[in-house]
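Heads up: the protein sequence lines correspond to chains A and B, in order. Numbers given in my numbering equal positions in the first sequence, counted from 1, plus 513. Numbers given in my numbering equal positions in the second sequence, counted from 1, plus 513. Built from N, CA and C at the ideal position, the CB exists for glycine as well.
Protein chains: 2
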Amino acid sequence: MHDRRMSEESETRGNRARQSRPTMADVAAKVGVSRALVSLVFRNEPGASKETRERVFQAADELGYRPDSAAQMLARSRSKVLGVMLTVRNPFHADIVEGIYPVAEQHGYDILLSATAPTRDERKAVEALLSHRCEGLIMLGPNMEARHLAELAERIPVVAVGRRFPGVEVDSVHTAEAKGVRQAIDHLVELGHSAITHIDGGKGAGSVERRRAYRAAMRKHGLAGHIQVLPGDHTEESGAQAAMALLADRVNMATAILAGNDRCAIGFLDAVWRAGLRVPGDISVVGYDDSHLAHLSHIDLTTVRQDPDRQAELAVRAVAERLDGVRSEVRELVLDPKFVARGTTGPPPRRG
Amino acid sequence: MHDRRMSEESETRGNRARQSRPTMADVAAKVGVSRALVSLVFRNEPGASKETRERVFQAADELGYRPDSAAQMLARSRSKVLGVMLTVRNPFHADIVEGIYPVAEQHGYDILLSATAPTRDERKAVEALLSHRCEGLIMLGPNMEARHLAELAERIPVVAVGRRFPGVEVDSVHTAEAKGVRQAIDHLVELGHSAITHIDGGKGAGSVERRRAYRAAMRKHGLAGHIQVLPGDHTEESGAQAAMALLADRVNMATAILAGNDRCAIGFLDAVWRAGLRVPGDISVVGYDDSHLAHLSHIDLTTVRQDPDRQAELAVRAVAERLDGVRSEVRELVLDPKFVARGTTGPPPRRG
DNA sequence: CTGAAAGCGCTTACAG
DNA sequence: CTGAAAGCGCTTACAG
Numbered sequence: 514m515h516d517r518r519m520s521e522e523s524e525t526r527g528n529r530a531r532q533s534r535p536t537m538a539d540v541a542a543k544v545g546v547s548r549a550l551v552s553l554v555f556r557n558e559p560g561a562s563k564e565t566r567e568r569v570f571q572a573a574d575e576l577g578y579r580p581d582s583a584a585q586m587l588a589r590s591r592s593k594v595l596g597v598m599l600t601v602r603n604p605f606h607a608d609i610v611e612g613i614y615p616v617a618e619q620h621g622y623d624i625l626l627s628a629t630a631p632t633r634d635e636r637k638a639v640e641a642l643l644s645h646r647c648e649g650l651i652m653l654g655p656n657m658e659a660r661h662l663a664e665l666a667e668r669i670p671v672v673a674v675g676r677r678f679p680g681v682e683v684d685s686v687h688t689a690e691a692k693g694v695r696q697a698i699d700h701l702v703e704l705g706h707s708a709i710t711h712i713d714g715g716k717g718a719g720s721v722e723r724r725r726a727y728r729a730a731m732r733k734h735g736l737a738g739h740i741q742v743l744p745g746d747h748t749e750e751s752g753a754q755a756a757m758a759l760l761a762d763r764v765n766m767a768t769a770i771l772a773g774n775d776r777c778a779i780g781f782l783d784a785v786w787r788a789g790l791r792v793p794g795d796i797s798v799v800g801y802d803d804s805h806l807a808h809l810s811h812i813d814l815t816t817v818r819q820d821p822d823r824q825a826e827l828a829v830r831a832v833a834e835r836l837d838g839v840r841s842e843v844r845e846l847v848l849d850p851k852f853v854a855r856g857t858t859g860p861p862p863r864r865g
Numbered sequence: 514m515h516d517r518r519m520s521e522e523s524e525t526r527g528n529r530a531r532q533s534r535p536t537m538a539d540v541a542a543k544v545g546v547s548r549a550l551v552s553l554v555f556r557n558e559p560g561a562s563k564e565t566r567e568r569v570f571q572a573a574d575e576l577g578y579r580p581d582s583a584a585q586m587l588a589r590s591r592s593k594v595l596g597v598m599l600t601v602r603n604p605f606h607a608d609i610v611e612g613i614y615p616v617a618e619q620h621g622y623d624i625l626l627s628a629t630a631p632t633r634d635e636r637k638a639v640e641a642l643l644s645h646r647c648e649g650l651i652m653l654g655p656n657m658e659a660r661h662l663a664e665l666a667e668r669i670p671v672v673a674v675g676r677r678f679p680g681v682e683v684d685s686v687h688t689a690e691a692k693g694v695r696q697a698i699d700h701l702v703e704l705g706h707s708a709i710t711h712i713d714g715g716k717g718a719g720s721v722e723r724r725r726a727y728r729a730a731m732r733k734h735g736l737a738g739h740i741q742v743l744p745g746d747h748t749e750e751s752g753a754q755a756a757m758a759l760l761a762d763r764v765n766m767a768t769a770i771l772a773g774n775d776r777c778a779i780g781f782l783d784a785v786w787r788a789g790l791r792v793p794g795d796i797s798v799v800g801y802d803d804s805h806l807a808h809l810s811h812i813d814l815t816t817v818r819q820d821p822d823r824q825a826e827l828a829v830r831a832v833a834e835r836l837d838g839v840r841s842e843v844r845e846l847v848l849d850p851k852f853v854a855r856g857t858t859g860p861p862p863r864r865g
């Protein structure tokens, strides 16, 4: 079923991309001014009359001219480009990236995205950003060794988002995980739960802190005997597997779950719904992130909100401050989480 | 709760980013050879002894030198960079991006990603790619006017992935939607279903074709009287809403659903599971895409597979062919979908 | 292999 | 506003 449509276009079209595109000189010639003037106009510098500006833009438009950023970067002492490393299939990263664009623009920076993927590790993703002259790096949930990150940060302003690197000389933005977890456990205990199980986030960003905070909060409530941590990670799959493990022994099953993140919580929900359980009638579920998934009305997930827009803003600002030279000491920016009670939590079922 | 750790580092660190980084000249000086030779070595061109190559790389490593791609781009007639426009929160785009990296590398191209987002429309995303000297553009599910796309394609090789632009002079890669839909309907009819409802994909890529194919397939089976199209889009939310609509009249409810894509199917599943229905006991559900979501064991979604790796490969190749000048006629590459029967479809329930 | 040179498309003072 | 000039860090022939 492979269609193949022939076209009547000329044979030269395939080469058009390599024909030189219009340069500043072309625009200058067309308007009848100097190249320097065109440069001024495009950089919004004073020195050209309003009328001239308009004629320049008009000519540029007609020629299809756009400044060559390679040339700009080379000529300018600064590239004004920030690199963002992300995991392309992480929905929370998507939220942050969406927040980065407007803030970066406001600070006068262009954004280059580089994704990690199965065939492309973090080192490779970063290499690409560096060779494209990024002045600063925003790393979303970096998973590299602290030592490597520190080396990077020696060359170029770096901010790590979502993951702490204690003792490492690198700026970071993350959420006060312990506080969020504590609020979640408080909420469940107030509802009457005591058998509260945590599904671990494995190597996911923030997991270590969340696990530790879970244990501490349980102990604080005198529930040390109910501490149960199931292995998991930040995927739906792990939530569903944890659900299967719990469902194997319904009599002693926990009455509430604190998942490692929202995706994990949703996998868990799918599995217990499918098994015919009621949420929160039979079991309560709390997620973590308040990603778009959690908002969905049919999910209506109780969760801990991490503000991606705020994280994006602080991350851009952290790098910008370094680049402007207004700060040189390391900064660890810790955001307050916000517990959001929705429909997946309620009083525990009465048993026996 | 805002920690602020002071560091002992010197005040100059904040400026390090603006200190000039090592250039080819530094490497050449360190090794005691000419810049031209270093250039040769880095481009893997013949003309340097094996021993010299090693010394060059060694010195580069010690200095932390990496080629400045802005300078390379400027000096070379070709940038060897391909731009990819994507919607950062689209999981299917994530799958394709992951497939693009290795193929691009194999063809000798670097990849630049540019995302659309609420504050950043397709025009802006493309502008960024062009100004960074991309030689070719891979547009994932472009949603712009055909006219605009055609204009773009006149300047630079463009391939549209996942969406057809009939009559427009632009290469495209997409799936034979009709075939996939037909297979899905055939499967449901074989199982004994006749009340098969379609949840529409709205403005999503491929929706028009899927909707049309649904109607045609239903008619082919003599089920014209059962044709029912519920409004929707490519999100979980719309699937859940469609479920609510159907659940309002359970007596006359369809026995099977063909969702606009996997995300929509999963929203639908969540809602009916939550309502206590059995899948496929009470209702069968078919998705579309075979995204990672569909694979999840607890979802086990029957769906129509679109091969993202293959789409990625063909897209890169399409652009590369244009750039190499080996093809100038428009090509529409249509991939065969593959129906995948899993656990969400079965015989219809016996009623009344 | 070397070394000098031109060029890629800009920016950035600078004298007028 | 102009116009000539230097420079950003490379690539690319070219004579030796």
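*For chain B, is any of its Cβ atoms less than 8 Å away from the one on R823 (chain A)?*
With respect to chain B, the C-beta atom of R823 (chain A) has no partner C-beta closer than 8 Å.
*Got a sec: is the Cβ-Cβ distance from G560 (chain B) to anything in chain A below 8 Å?*
With 8 Å as the cut-off, G560 (chain B) does not count as an interface residue toward chain A.
_Restricting to runs no shorter than 4 residues, where is the alpha helix (DSSP H) found entirely within the region 708 to 792 of chain A?_
Counting only runs of 4 or more, we get 720 to 733, 749 to 760, 775 to 787.
*Give the interface partners of L587 (chain B) over in chain A, defined as CB-CB distance under 8 Å, in chain order.*
In chain order: D581, A583, A584, L587.
*Only counting runs of 3 or more residues, tell me where the beta strand (DSSP E) segments fall wholly within the region 582 to 636 of chain B, in order along the chain.*
Along the length of the region 582 to 636 of chain B, whole beta strand (DSSP E) runs at least 3 residues long occupy 594 to 600, 623 to 629, reported in chain order.
*asked:* Please confirm whether H811 (chain B) has its beta-carbon closer than 8 Å to some beta-carbon of chain A.
replied: Chain A contact via Cβ: present.
_For D775 (chain B), count the other beta carbons within 10 Å of its own beta carbon; 16 or more makes it buried, fewer makes it exposed. Which is it?_
In summary, D775 (chain B) is buried, with 16 or more beta-carbon neighbours lying within 10 Å of its beta-carbon over all protein chains present.
_Using a Cβ-Cβ distance cut-off of 8 Å, determine whether D746 (chain B) contacts chain A._
Judged by the 8 Å Cβ criterion, D746 (chain B) is not in contact with chain A.
*Selected residue, minimal CA-CA separation from L827 (chain A), among A:R818, A:V616, A:V554, A:A583*: Ranking the options by Cα distance to L827 (chain A), first place goes to A:V616.
_Three-state class that DSSP yields for F555 (chain A) in the structure shown_ = When DSSP states are grouped into helix, strand and coil, F555 (chain A) belongs to the helix group.
*Looking at C-beta atoms only, is the number of pairs between the region 803 to 818 of chain B and the region 773 to 790 of chain A that lie closer than 8 Å three or more?*
Counting C-beta pairs with one atom in each stretch, the region 803 to 818 of chain B and the region 773 to 790 of chain A have three or more that are closer than 8 Å, which means they touch.
*Are there 16 or more other CB atoms within 10 angstroms of the CB of V674 (chain B), so buried, or fewer, so exposed?*
Buried.
*asked:* For a quick check, are the C-beta atoms of R534 (chain A) and M586 (chain A) less than 8 Å apart?
replied: Contact flag unset, no.
_Beta-carbon proximity of L704 (chain B) to P850 (chain B), cut-off 8 Å_ = Result no, Cβ atoms of L704 (chain B) and P850 (chain B) do not sit closer than 8 Å.
*Quick one: grab the DSSP three-state call for S841 (chain A).*
It is coil, neither helix nor strand.
*asked:* Under 8 Å, Cβ to Cβ, is there at least one residue of chain A near A630 (chain B)?
replied: Yes - at least one Cβ of chain A is within 8 Å of the one on A630 (chain B).
*asked:* So the candidates are A:H739, A:G738, A:A756; which of them puts its Cα closest to the Cα of R745 (chain A)?
replied: Contrary to the premise, residue 745 (chain A) reads as Gly rather than Arg in this sequence. A check of alpha carbon separations from G745 (chain A) across A:H739, A:G738, A:A756 identifies A:A756 as the nearest.
*Test: D775 (chain A) CB closer than 8 Å to a CB of chain B*: Chain B contact via Cβ: absent.
_Delimiting residues of the beta strand (DSSP E) encompassing F852 (chain B)_ = Counted as a single uninterrupted DSSP element, the beta strand (DSSP E) harbouring F852 (chain B) occupies residues 851 to 853.
*State the Cα-Cα distance for the pair I796 (chain A) and L771 (chain A), rounded to the nearest angstrom.*
Roughly 11 Å between the two C-alpha positions.
*Could you work out which residues of chain A lie near A572 (chain B), taking near to mean beta carbons separated by less than 9 Å?*
Ordered by position in chain A, no residue passes the 9 Å Cβ test against A572 (chain B), which lies about 17 Å from the chain.
_Enclosing beta strand (DSSP E) for V686 (chain B) [first to last residue]_ = Start and end: 684 to 688.
*Might you give, ordered along the chain, the residues of its own chain that have their beta carbon closer than 6 Å to the beta carbon of D813 (chain B), omitting 5 neighbours on each side?*
Within the same chain, Cβ atoms closer than 6 Å to the Cβ of D813 (chain B) are found at R855, G856, the five residues on either side in sequence being excluded.
*asked:* Less than 8 Å between CB atoms is the rule here; does S797 (chain A) satisfy it with respect to chain B?
replied: Residue contact with chain B for S797 (chain A): absent (no Cβ-Cβ distance below 8 Å to any residue of chain B).
*Out of A:H700, A:R725, A:H620, A:A825, which has the shortest C-alpha to C-alpha gap to G654 (chain A)?*
For the residues A:H700, A:R725, A:H620, A:A825, the minimum Cα distance to G654 (chain A) belongs to A:A825.
*Return the Cβ separation of L743 (chain A) and D713 (chain A) in integer angstroms, given the expectation that the two are a contact with Cβ distance under 8 Å.*
In this structure L743 (chain A) touches D713 (chain A) by the C-beta definition: roughly 7 Å separates them, less than 8 Å.
*At a CB-CB cut-off below 9 Å, which residues of chain A make contact with A753 (chain B)?*
Here the neighbours are L809, S810, H811, I812.
_Using C-beta distances below 7 Å, list every residue in its chain close to L591 (chain A), excluding the 5 sequence neighbours before and after it, in chain order._
For the record, residue 591 (chain A) in the displayed sequence is Arg; it is not Leu. Around R591 (chain A): E648.
*Can L806 (chain B) be considered in contact with the ligand PLP, in the sense that its beta carbon sits closer than 7 Å to one or more heavy atoms?*
Ligands are entirely absent from the displayed structure, and the ligand PLP is therefore not among its contents.
*Spatial distance of Y578 (chain A) from D608 (chain B) (CA atoms)*: Going by the C-alpha atoms only, they are around 34 Å apart.
*asked:* Going residue by residue through the region 815 to 839 of chain A, where are the continuous beta strand (DSSP E) segments of at least 3 residues, counting only ones entirely within it?
replied: Runs of the beta strand (DSSP E) spanning 3 or more residues and lying entirely within the region 815 to 839 of chain A occur at 816 to 818, in chain order.
_Local Cβ density within 10 Å of A573 (chain B), reported as buried at 16 or more and exposed below that_ = Classification of A573 (chain B): buried, given that the 10 Å Cβ count is 16 or more.
*In angstroms with no decimal places, state the Cα-to-Cα distance between R695 (chain A) and N603 (chain A).*
In a straight line, the C-alpha of R695 (chain A) is about 25 Å away from that of N603 (chain A).
*Cβ of Y801 (chain A) less than 8 Å from any chain B Cβ?*
Answer no: the Cβ-Cβ gap between Y801 (chain A) and chain B never drops below 8 Å.
*Which term fits P679 (chain A), buried or exposed, when burial requires 16 or more other beta carbons within 10 angstroms of its beta carbon?*
Around the beta carbon of P679 (chain A), a 10 Å sphere encloses fewer than 16 other beta carbons of the protein chains shown; the residue is thus reported as exposed.
_Could you check whether the Cβ of S466 (chain A) sits closer than 8 Å to any Cβ belonging to chain B?_
Outside the displayed range of chain A (514 to 865) lies residue 466 (chain A), so it cannot be described from this structure.
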